[in-house]
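Just remember that the working numbering sits 3 ahead of the position in the sequence shown, which is counted from 1. Beta carbons: idealized from backbone N, C-alpha and C, even for Gly. To start, the structure under review is shown below, and the notes come after it.
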Amino acid sequence: MSNHENHITPLSTYLIVFSGLILCTVLTLLTARPDLFYLDASFFDLGSFNIVLAMLIASFKASLVLMFFMHLYYDNKLNLALILGSVVFVGIFIAVTMLDVNRREVIYDIRGKLVNPDAKIYEKIDNSSSGH
């Protein structure tokens with residue numbers, strides 16, 4: 004049998020966590036769409052780091068839900084560390100992957116040009132794309 008202890012979480016804890024989640028949601032909206040709050044777009048513009056900030060806020064919100072609503076805060080601390088570490092690293096991986104979003108339209112000249120535009124391979128591609 005399990006030797007797990009029951010615990011009673013007061014309603015005030017849930018209300019504080021809920022308030023924190025609402026505040027984090029408003030912060031996320033401020034980073035993504037400041038125009039929803041009738042603010043100038045440059046009010047909270049971090050450029051491509053907006054996604055990093057949004058992912059950090061999302062990771063924090065997920066951590067709050069895991070700790071208090073799923074009761075990991077009261078469980079074994081190793082479980083808490085492993086799961087929260089996983090959430091943080093998933094957020095970091097997604098944020099780092101998304102850092103190039105503002106740079107995708109930039110193609111350097113040497114990579115964007117054909118090496119030899121008169122090469123035979125391009126004739127085959129042109130003929131096959133025309134349906135012949």
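query = In angstroms, rounded to a whole number, what distance separates the CA positions of Thr34 and Val55?
reply = 10 Å
Ala61: first and last residue of the uninterrupted alpha helix (DSSP H) it sits in = Asn53 to Leu67
Buried or exposed (CB count within 10 angstroms, at least 16 for buried), Gly88 = exposed
query = Using CA coordinates, which residue listed in Tyr76, Glu8, Met101 and Ala61 is at the minimum distance from Val91?
reply = Ala61
inquiry  = Suppose you measure from the CA of Lys64 to the CA of His10; what does that come to, to the nearest Å?
reply    = 23 Å
task = Could you tell me which of Asp48, Leu24, Ala57 and Thr28 sits nearest to Met70, measuring between CA atoms?
result = Leu24
request  = Give me the Cβ distance between Leu32 and Leu26, rounded to the nearest whole Å; I'm assuming they're in contact under 8 Å.
outcome  = That pair is no contact at about 11 Å.
message = Assuming Ile86 and Met58 are in contact, meaning their beta carbons sit under 8 Å apart, how far apart are those beta carbons, in whole angstroms?
response = Rounded, the Cβ-Cβ distance is 17 Å, inconsistent with contact.
ask   = Considering only C-alpha positions, which residue in the set Lys80, Lys127 and Val99 is nearest to Asn53?
value = Val99
task = Helix, strand or coil for Leu49, going by three-state DSSP, please let me know.
result = coil
ask   = For the alpha helix (DSSP H) that Ala35 lies in, which residues bound it at each end?
value = Leu14 to Ala35
query = According to DSSP, is Asp78 helix, strand or coil?
reply = coil
ask   = Do Val20 and Leu67 have their C-beta atoms within less than 7 Å of each other?
value = yes
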